[in-house]
Structures are given as C-alpha cells and as structure tokens.
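Protein sequence lines, in the order shown, are assigned to chains A and B. Residue 65 in this note's numbering sits at position 65 of the first sequence; the count goes up by one each step and never skips. Residue 1255 in this note's numbering sits at position 255 of the second sequence; the count goes up by one each step and never skips. Below is one structure, written out as structure tokens, with a few remarks after it.
There are 2 protein chains.
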Amino acid sequence: VLAVPAGGFAPEIGALRARFGDRPLLLAGMIGSNRGWREAPYLDCPADGRAVAAGLLRIEEANAAIVPGVRDLTHGRADVMRGEEVQLIGAVAMGAVPADGRACHPGTHAKWARLEGGAIAAFKTVMTGELFALLKQHSILADQLQGGVAPDAAFRRGVGRALAARELAADLFAVRARKLAGQLADADAAAYTSGLLIGGDVAIGLDFLSQGGSIALIGASALTSLYAAALDEAGQRSHVVDGEEAFLAGIRAIAETMQ
Amino acid sequence: VLAVPAGGFAPEIGALRARFGDRPLLLAGMIGSNRGWREAPYLDCPADGRAVAAGLLRIEEANAAIVPGVRDLTHGRADVMRGEEVQLIGAVAMGAVPADGRACHPGTHAKWARLEGGAIAAFKTVMTGELFALLKQHSILADQLQGGVAPDAAFRRGVGRALAARELAADLFAVRARKLAGQLADADAAAYTSGLLIGGDVAIGLDFLSQGGSIALIGASALTSLYAAALDEAGQRSHVVDGEEAFLAGIRAIAETMQ
C-alpha cells in the first residue's frame, strides 16, 4: 500500500480495469486501511465469512468492495488485522484448518489466531519480523546479522533459549557478548537471533492459543519452515497452508456469500 | 569511542597531555574495547577493585593504564561491561551501595549487577535504550513515539502491563492497535512504550537480582527517575547514585590500590 501515492488508487484501479475488463472487484488488506483507498471499518471478533461479507465497504461507482479488517478488543486486548482474515476464512473453507482450529501467520507482524465455529474468535500480533529487520539494519548487532537464516542447529539453539526464558531484550545483548566470548560465530549469529525472536513469538502464541491439534502455518515457505521448526522445538505439530491459495479461497467464499 | 577515527587515539591523548601536563592517565570504558585505543582483556566475575587494579593494561610509553572490562560467564551466561565496573567499585567505596548490594545502570544497554563482598559477582545487560531508539527512529511506531517521556500515568500503565505479562514483542504491536482503537493518544504513546520497555527491563532485572535492600540506580537523572518509578510499580525501593561521582570515586579507589 505504501507503493501507491496519495490519490493514486483510482488510476491503479483504472489500470486493472483496462487489463481485465469491467468485472466486480473484491479487495482486501491495507487498501482498506487509513493509508489505503477507502477506509473499511474493522469488524469485531468473533467474525466469520458471513460477517465479513455483510460488512463489506461497497464502492458502487467503481463496481468494487473492500473487505473490512478484523479487530480483537476482547478481554481488554487491542489487536487488528487486514488481509489475514481472508486467509483464515479461506483456510477453513479449503478444509485446511478445522472450524475450531489454530493458525499462525508468520511475517513482519506475525499473527496467532483461534477459530471457533469457523469464526475468528481472537488473535494476537507479535512484531517479530519487524524487530529482526530493525536489528539487522540499524542496531549494534547489524554486523553480526548479515548471514543466512535456516532452521538449522543455531536457529534451534536460539529457539530453545527463548522457550526457556522470557527475556528477549537481554538475550539480544547476549548475542554480542557471546561473540566477544568466542561462543557464537558470525556465521551462526543471524540464525541464532532469528531463533530467539521466532522462539519468543512461539512462546507468546502458545500461551495465547488453546490446546488443540496441528497449528496451520499460513504463508510462504521460507518463513513457515522456520516457524515449523520452532513449534517442533516446543513439542507442537504444525502444517503449512499456502498463503496465496488460502487468500483466493477466502475471497471466493466471501464472494459466494455476497450473492 | 565512535567519535575517534582509527589511529586517532594517540593524537587525542597528546591533546590531553598538552592541556593537563604529564600526569599518569587511568582510562576506562570503550577505550579498552576492540574499537578503542588498546584492547584490555576482560576480567571474569567475581571482580573487585583489587582485581581490576591488578588487571590494568599498562601502556608504559604513554604513562597510561586502561581498566579492563568485566565479563560474566557464570552459569552458562555471557555478558560484558566496560566502564560500569568503575562506577560499581566507586559506589561501594562511597558507601552508596552495600558490599552485598544491588545496582542498576539505566542506559542504551542497561545493566543489573549483584555485589558480593564488595565484588561484582554477576550482572545482566538488557538492550532497553537501544530498542526504544530503534522503534522511535525506524519502526512502524515511529510517528507515535515523537512525544516526551516522563514517569507519568501513561508510563506507569506501560510498566504495569510489562510486569503483568512477559510478551514485549506483542505489546509493542498493540501500541499501534490501541491507537487505531482509540485507546492510546499520540501524546501518551512514547511514555507508554517507554514504560513497556523499562518495565520489561525491571522484570528481567528483578528475576536476576537476589532479594535485598534498596537498589542503587547509577546514572543521570532523566533516566534514573524512570527506573525509580518502574521499580516502585514493582514494589521495590531504589535510590539514585550520581554516575559521574561514582565513576570518579571508582577511578580513585583503583588508583590508590595501584600505588
């Protein structure tokens, strides 16, 4: 959404129209945010496909509609999502997540969701990907974090540390101290630090989710494989659901409910 | 130390000599690091004033000595300090911290220290100040974090939240969600977020310190007042020790032991 300048959405829609013809448009994600085309107010949890379809922001003159985001204000919490609700609805429609299942969206702002009766009952966002990017680009650890990240032994060591102690801000400084003490090679530092962050994310997510079956990891493979390894370290089963497939299935389910 | 270019320390020392004459120089802090003038290897915990004096890196040709940093590798941990050890030795020498006391250095990399028999027995560093700066300068929260930070009600709310739940990376995203939900004014966001970070720091520090008397907050007033408020929220007493006074007292104590 940041790639489109203010006032630039109408021309972008026009370009889509020129390419695909005058079909109805169903849009979701940050295009419905206060930085997007039109602001589609959040629906409160619990929200299912029917509620989302009923809450669409219709833009009649453009033959378009925007999916509302979902907000979780239950139990004194405050959380928001835009776009992931479509994937969750789609994953349930595909049969990839049970109606009372558990899901995780790895990412810049990773999300853990509880489904109840096919509805998004509650969710929690963790700033994992953004924190890693900040540390890699701008922090005292930046020089150490330029290596690759894979679900290897160094990554699992970081996950194990994060699951054993809830003190991320101290463990991050120890990345530097362990280098100075000869305990952490530069080649392992990025994977270990990613393990600290994703392991901490998993610890938060598992506190939040109810007990249940395999956790659906909705997204693309590089990141879902890291979360799968971290969940495995925590003794939890998971399975991967392709994020694009889930999104398309969700958009189809919402469109069918509209008609 | 970053303000002095590579090879620039000898001229800097020369400038000090020109101004103050040929007195013995006793230096401490990052000047002894691998980015400094000469690298003074770390001493292991426990370390007292006598051990530090015995471990000085002597630079005879310059009539100078550099205080070694201190390293904590006890119990599988890894942590380092350079400069704070002089303040801790000084605070004990001044009578501002008991020989078996507890201390905290607020800062970019905040440190919690346990003293035993006047020696630095163990310590833990938390990346609190650096994380706040990263969030304020570069994160999705940056626009929200340009306000002032004081030990006010918003700050204490953040501290209370951090003491109640160990999930900083989720609470940080909620700063944005609470704004969108109309629960957090921009004017309060910096103080609330600082409270989350310092409250989380205090939770880590109190886990690490043994039970004991008032915690010495060693540093300058803007930051020590925030830590005092956070410790008060956690039901702990604290007292402020001026960081420059403690440093000078520590350097004097080490110099006396040298002679």
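Glycine included, each C-beta is placed from N, C-alpha and C at the ideal position.
- Assigned with DSSP and collapsed to three states, arginine 1019 (chain B) falls in helix.
- Proximity to leucine 26 (chain A) across A:Gly7, A:Ile120, A:Ile66 peaks at A:Ile66, based on C-alpha coordinates.
- Counting every other CB atom within 10 Å of its CB across the protein chains shown gives glutamate 167 (chain A) a total of 16 or more, marking it as buried.
- Residue pairing by DSSP places isoleucine 1059 (chain B) opposite B:Ala1064 in a beta bridge.
- For glutamate 1085 (chain B), no Cβ of chain A is located within less than 9 Å of the residue's own Cβ.
- In terms of Cα proximity to arginine 1038 (chain B), the closest of B:Ile1013, B:Gln1211, B:Arg1019, B:Gly1212 is B:Ile1013.
- Of B:Asp1152, B:Arg1176, B:Ile1218, the smallest CA-CA separation from alanine 1230 (chain B) is found for B:Asp1152.
- By the C-beta criterion, the stretch 1230-1248 of chain B is judged not to be in contact with the stretch 1004-1021 of chain B, since fewer than 3 inter-stretch pairs fall below 8 Å.
- Between leucine 1172 (chain B) and serine 1194 (chain B), the C-beta spacing is not below 9 Å.
- As the crow flies, the alpha-carbon of phenylalanine 9 (chain A) is around 58 Å from that of alanine 1028 (chain B).
- Between arginine 178 (chain A) and chain B, the shortest Cβ-Cβ separation is below 9 Å.
- Under the three-state reduction of DSSP output, arginine 1114 (chain B) falls in the strand class.
- With respect to chain B, the C-beta atom of tyrosine 42 (chain A) has a partner C-beta closer than 9 Å.
- Ranked by Cα distance from threonine 74 (chain A), the options A:Cys104, A:Gly213, A:Ala91, A:Arg114 are led by A:Arg114.
- Minimum Cα-Cα distance from arginine 58 (chain A) among the listed residues A:Gly32, A:Ala78, A:Asp72, A:Arg71 corresponds to A:Gly32.
- For the stretch 1119-1136 of chain B, the set of residues with a beta-carbon nearer than 8 Å to any beta-carbon of chain A comprises Lys1124, Thr1125, Val1126, Met1127, Thr1128, Glu1130, Leu1131, Leu1134, Leu1135, in chain order.
- Boundaries for methionine 258 (chain A): no beta strand (DSSP E) harbours it, while the alpha helix (DSSP H) harbouring it runs 243-258, taken from the DSSP string.
- Here the stretch 1121-1138 of chain B makes contact with the stretch 1044-1064 of chain B; the two share three or more CB pairs at distances below 8 Å.
- For the stretch 1063-1087 of chain B, the set of positions with a beta-carbon nearer than 7 Å to some beta-carbon of chain A reads Arg1071, Leu1073, Ala1078, Asp1079, Val1080 in chain order.
- Put simply, the CB of leucine 163 (chain A) is far from chain B, with every gap to its CB atoms at 9 Å or more.
- The Cβ atoms of alanine 150 (chain A) and alanine 187 (chain A) do not sit closer than 9 Å to each other.
- At a cut-off of 3 residues, the continuous stretches assigned as beta strand (DSSP E) that sit fully inside the stretch 91-165 of chain A are 102-105, 110-116, 119-126.
- For glutamate 1116 (chain B), same chain residues with a beta-carbon under 7 Å away, outside a window of 5 residues either side, are Pro1046, Asp1100 in chain order.
- With the criterion set as a beta carbon lying under 8 Å from some beta carbon of chain A, the members of the stretch 1143-1172 of chain B are Arg1166, Glu1167, Leu1168, Ala1169, Ala1170, Leu1172, in sequence order.
- Annotated three-state conformation of serine 1214 (chain B) is coil, per DSSP.
- Chain A places a beta carbon closer than 9 Å to that of alanine 1174 (chain B), counting this residue as a contact.
- Listed along chain B, the residues sitting closer than 7 Å to glycine 200 (chain A) by beta-carbon distance are Ala1169.
- In the DSSP assignment, arginine 1050 (chain B) falls within the unbroken alpha helix (DSSP H) covering 1049-1054.
- For leucine 27 (chain A), the uninterrupted beta strand (DSSP E) run begins and ends at 25-27, by DSSP.
- Taking a Cβ-Cβ threshold of 8 Å, the residues of chain A close to isoleucine 1204 (chain B) are Glu167, Ala169, Ala170, in chain order.
- By the criterion of a C-beta distance shorter than 7 Å, valine 1052 (chain B) is surrounded in its chain by Leu1043, Val1067, Pro1068, Glu1085, Ile1089, Ile1254, once the five residues flanking it on both sides are discounted.
- Annotated as proximal: arginine 35 (chain A) and leucine 2 (chain A), with beta-carbon spacing under 9 Å.
- For valine 1080 (chain B), the uninterrupted beta strand (DSSP E) segment begins and ends at 1079-1081.
- Going by C-alpha positions, proline 98 (chain A) is about 36 Å away from aspartate 22 (chain A).
- The beta carbon of aspartate 1188 (chain B) does not come within 9 Å of any beta carbon belonging to chain A, so the residue lies off that interface.
- Note that the stretch 197-215 of chain A does not touch the stretch 1102-1114 of chain B; fewer than 3 beta-carbon pairs, one per stretch, sit closer than 8 Å.
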